[in-house]
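Those protein sequences? They're chains A and B, same order as listed. According to my numbering, the first sequence is numbered sequentially starting from 11. According to my numbering, the second sequence is numbered sequentially starting from 220. To keep things clear, I will list the structure first and then write my remarks on it.
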Amino acid sequence: MNFFLLYLLLVKATLTSFSGLASLPMIRNDFVVTRHVLTDRQLNTAVVAGQTGPGPVGLYIVSVGYFVSGVPGAAAALLAVITPAFLVIPMMRWFGARASSPRVRGAIRGVLLSGAGLLLSASMPLARDAVTGALPVAIVAVSFVVLSFTRVQSVWVMLAAAAVGLAAKLMG
Amino acid sequence: MEPSSLRYDGKFMLTRRGQEPSLASLTWLFTRVGNTTFGGGYASIAALQRELVEREGWITHDDFALAFSLGRITPGTNIVAFCAATGWRILGMPGAVGAVLGETLPSAALAVLITQGYESGRSSAVAMAALGATAAAVVGMMWAAVWMLTRPYLGRSAVELRRVVRAMAFAGGAFVAAWKFGVTPVPILAAAAIAGLLWKEPEPKEETET
Numbered sequence: 011m012n013f014f015l016l017y018l019l020l021v022k023a024t025l026t027s028f029s030g031l032a033s034l035p036m037i038r039n040d041f042v043v044t045r046h047v048l049t050d051r052q053l054n055t056a057v058v059a060g061q062t063g064p065g066p067v068g069l070y071i072v073s074v075g076y077f078v079s080g081v082p083g084a085a086a087a088l089l090a091v092i093t094p095a096f097l098v099i100p101m102m103r104w105f106g107a108r109a110s111s112p113r114v115r116g117a118i119r120g121v122l123l124s125g126a127g128l129l130l131s132a133s134m135p136l137a138r139d140a141v142t143g144a145l146p147v148a149i150v151a152v153s154f155v156v157l158s159f160t161r162v163q164s165v166w167v168m169l170a171a172a173a174v175g176l177a178a179k180l181m182g
Numbered sequence: 220m221e222p223s224s225l226r227y228d229g230k231f232m233l234t235r236r237g238q239e240p241s242l243a244s245l246t247w248l249f250t251r252v253g254n255t256t257f258g259g260g261y262a263s264i265a266a267l268q269r270e271l272v273e274r275e276g277w278i279t280h281d282d283f284a285l286a287f288s289l290g291r292i293t294p295g296t297n298i299v300a301f302c303a304a305t306g307w308r309i310l311g312m313p314g315a316v317g318a319v320l321g322e323t324l325p326s327a328a329l330a331v332l333i334t335q336g337y338e339s340g341r342s343s344a345v346a347m348a349a350l351g352a353t354a355a356a357v358v359g360m361m362w363a364a365v366w367m368l369t370r371p372y373l374g375r376s377a378v379e380l381r382r383v384v385r386a387m388a389f390a391g392g393a394f395v396a397a398w399k400f401g402v403t404p405v406p407i408l409a410a411a412a413i414a415g416l417l418w419k420e421p422e423p424k425e426e427t428e429t
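And the structure:
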C-alpha cells in the first residue's frame with residue numbers, strides 16, 4: 011500500500027481515538043474488513059506485540075503498519091502515532107497563560123489528583139497478574155521504597171527486577 | 220518540608236524554572252524512561268513524573284499537572300501528547316520533537332522486531348521470567364507515583380487539613396469510580412476538572428499573594 015494512503019488511514023484512526031487501543035475498531039474496519047490488507051490474526055499479533063514491548067500500547071499501530079507494508083509501513087505508522095500529539099502544544103499555550111487563575115489551577119490539580127486515583131486503579135489488575143508469590147511481593151515492596159525515597163533512576167530498578175526474575179528462573 | 224516544586228512563585232507556568240537541559244539530555248531522558256517502562260501509558264507517566272519533577276526539577280508539579288491533564292484530552296496516544304507537552308514546556312518546539320521521538324522511536328523499532336519474533340514463533344520461558352519480574356517492579360513504581368503525586372497535598376497544619384480532604388476526595392473518588400464501578404478515564408477526568416473549578420483549593424497563607 012502507498013505510504014501516504016497508509017499514513018492517512020492510520021492518522022484517521024489515531025486522531026479520532028483518545029487512548030491506546032481505542033483506535034482498534036477503526037483500524038480493523040479499514041484494514042481487515044474493507045481493504046483486506048490485514049488478517050484478524052495479524053491484528054491480534056500486532057496488539058500483543060504492542061503490549062509485550064516497552065513504551066505506549068498505542069504503538070501496536072507500528073506493528074500494523076509493518077504487516078501492511080514492511081518497514082516503510084512501520085515508519086508511516088510511527089508518524090501517524092506522533093502527529094496528533096502536537097495538538098497539545100496550542101492547548102498548553104492557551105491554558106498556561108490562564109493558569110494563574112486559582113479556579114483554572116484548582117481544575118488542573120483536581121484532574122491530576124483524580125489521575126493518581128486512576129493510576130492506583132490501573133495498577134490493580136497488573137498487581138493481580140504479577141504478584142504471584144513471595145518474590146514478586148518483595149520486588150513490589152523494594153521498588154516502591156527505592157523509587158519513593160531515593161533518587162535512583164527508574165531504569166536501574168527495572169533492570170534489577172529483570173535480573174532477579176531471570177536468576178530465580180535459572181536457579182529453578 | 221514542602222517540595223520546591225509546589226512553591227508558588229507568582230509566575231506560575233509563565234517562566235521556566237531551574238536549569239535548562241540541553242536538547243540531547245532531554246531527548247535521552249525520554250528515551251531512557253519511555254523505553255524501559257513496560258505496562259502502558261500510566262507506568263511511563265509515573266516514571267517520567269519522578270524523573271522530570273522530582274529528580275531533575277525541569278518542570279514544576281503544576282506544569283506536570285497541566286501536561287498530564289491536556290495529554291489526556293488530546294487525540295491519539297496520551298503519553299505521546301504528554302511527552303510533546305512537557306518537552307515543549309522545557310525547550311520549546313525542538314524539546315517537543317526530541318521528547319516525542321525519544322519516547323517512541325526505540326519502542327517502535329522494538330515493536331517491529333517483536334512482531335517478527337512472534338511471526339517466526341519464537342517465545343522463550345527465560346525471557347518471560349524476566350518480563351514477569353519487571354511487571355512486579357512496575358506495580359511498585361506505579362504505587363510510588365501515586366505516593367509522590369499525592370504527597371504535596373498531605374500537609375499538617377490546620378489550613379492544610381482542608382487541602383488534604385480535597386485531595387483525598389479527588390484521588391479516592393477517581394479510584395473508586397474506576398476500580399469499583401468501571402467508569403472510563405475520560406468521564407472521570409472531566410468530572411474532576413469541573414469539580415476542581417467549582418471547589419476552590421484552600422491556599423496556604425504564604426502562597427496567596429500574586
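No residue lacks a Cβ here, since even glycine has one placed at the ideal position from N, Cα and C.
Is the Cβ of residue i closer than 8 Å to any Cβ of chain B?
i	result
valine 167(A)	yes
isoleucine 92(A)	yes
arginine 38(A)	no
proline 86(A)	It is alanine, not proline, that sits at residue 86(A) in the sequence shown. Closer than 8 Å: no.
valine 47(A)	no
proline 82(A)	no
threonine 24(A)	yes
arginine 161(A)	yes
arginine 51(A)	no
leucine 136(A)	yes
glycine 175(A)	yes
methionine 101(A)	yes
Can you pull the chain B residues whose beta carbon is under 8 Å from the beta carbon of residue i, in chain order?
i	result
valine 141(A)	Ala355 and Val358
valine 78(A)	Going along chain B, no residue has its Cβ under 8 Å from valine 78(A), so there is no contact; the nearest lies around 12 Å.
Once you ignore the five residues that flank residue i on each side, which residues in its own chain have a CB closer than 7 Å to its CB?
i	result
alanine 86(A)	Phe13, Leu16, Tyr17, Leu20 and Gly75
proline 146(A)	Ala140
alanine 471(B)	No answer is possible for residue 471(B): it lies beyond the span of chain B, which begins at 220 and ends at 429.
So which residues of chain B does residue i contact, with C-beta pairs closer than 7 Å?
i	result
phenylalanine 154(A)	Gly359, Trp362 and Ala363
proline 35(A)	What proline 35(A) touches in chain B: nothing, since even the nearest Cβ is about 15 Å away.
phenylalanine 105(A)	Leu285 and Leu289
Within 8 Å (strictly less), CB to CB, does residue i reach chain A?
i	result
valine 331(B)	yes
phenylalanine 400(B)	no
glutamate 420(B)	yes
threonine 250(B)	no
glutamate 270(B)	yes
alanine 196(B)	With chain B running from 220 to 429 in the structure shown, residue 196(B) is simply not present.
Against residue i, what residues of chain A qualify as contacts under a CB-to-CB distance less than 7 Å, listed in chain order?
i	result
arginine 381(B)	Ordered by position in chain A, no residue passes the 7 Å Cβ test against arginine 381(B), which lies about 13 Å from the chain.
With a threshold of 7 Å (Cβ to nearest heavy atom), would residue i be considered close to the ligand NAP?
i	result
valine 72(A)	Ligands are entirely absent from the displayed structure, and the ligand NAP is therefore not among its contents.
What does a CB cutoff of less than 6 Å around residue i pick up in its chain, not counting 5 residues either side in sequence?
i	result
proline 135(A)	none
threonine 246(B)	Gly317 and Gly321
alanine 265(B)	Met360, Met361 and Ala364
arginine 226(B)	At arginine 226(B), the pLDDT of 39 sits below 50, so the modelled position is not reliable and the matter cannot be decided from this model.
Residues of chain A with CB closer than 8 Å to the CB of residue i, please, in chain order.
i	result
glutamate 239(B)	None at all; the shortest Cβ gap to chain A is about 17 Å.
glycine 392(B)	Ser124 and Gly127
glutamate 338(B)	Thr55
leucine 368(B)	Leu122, Leu123, Gly125, Ala126 and Leu129
Can you name, in chain order, every residue of its own chain whose Cβ lies under 8 Å from the Cβ of residue i, other than the five neighbours on each side?
i	result
glycine 179(B)	The displayed coordinates of chain B run from 220 to 429. Any statement about residue 179(B) would go beyond what the structure contains.
arginine 108(A)	Val114
alanine 178(A)	Leu145
For the 8 Å Cβ check, are there 3 or more pairs between the segment 67-81 of chain A and the segment 31-41 of chain A? These segments touch.
On the three-pair Cβ rule with 8 Å, is the segment 240-252 of chain B touching the segment 319-330 of chain B? Touching, yes, given that three or more Cβ pairs across the two stretches are closer than 8 Å.
Between the segment 55-72 of chain A and chain B, which residues of the former have a C-beta closer than 9 Å to a C-beta of the latter? Flagged, chain order: Thr55, Ala56, Val58, Ala59, Gly60, Gln61, Thr62, Gly63, Pro64, Gly65, Pro66, Val67, Gly68, Leu69, Tyr70, Ile71 and Val72.
Under 8 Å: do the segment 262-274 of chain B and the segment 362-369 of chain B share three or more Cβ pairs, one atom per stretch? Yes, the segment 262-274 of chain B touches the segment 362-369 of chain B.
Scan the segment 405-416 of chain B for residues whose Cβ lies nearer than 7 Å to a Cβ of chain A and list them as they occur along the chain. Against chain A - using a Cβ distance shorter than 7 Å - the residues of the segment 405-416 of chain B are Val405, Ile407, Leu408, Ala411, Ala412, Ala414, Gly415 and Leu416.
So, does the segment 51-65 of chain A touch the segment 277-295 of chain B, judging by three or more C-beta pairs under 8 Å? With fewer than three CB-CB distances shorter than 8 Å, the segment 51-65 of chain A does not count as touching the segment 277-295 of chain B.
Can at least three beta-carbon pairs, one atom from the segment 113-126 of chain A and one from the segment 406-419 of chain B, be found at a separation below 8 Å? The segment 406-419 of chain B and the segment 113-126 of chain A touch, with three or more beta-carbon pairs separated by less than 8 Å.
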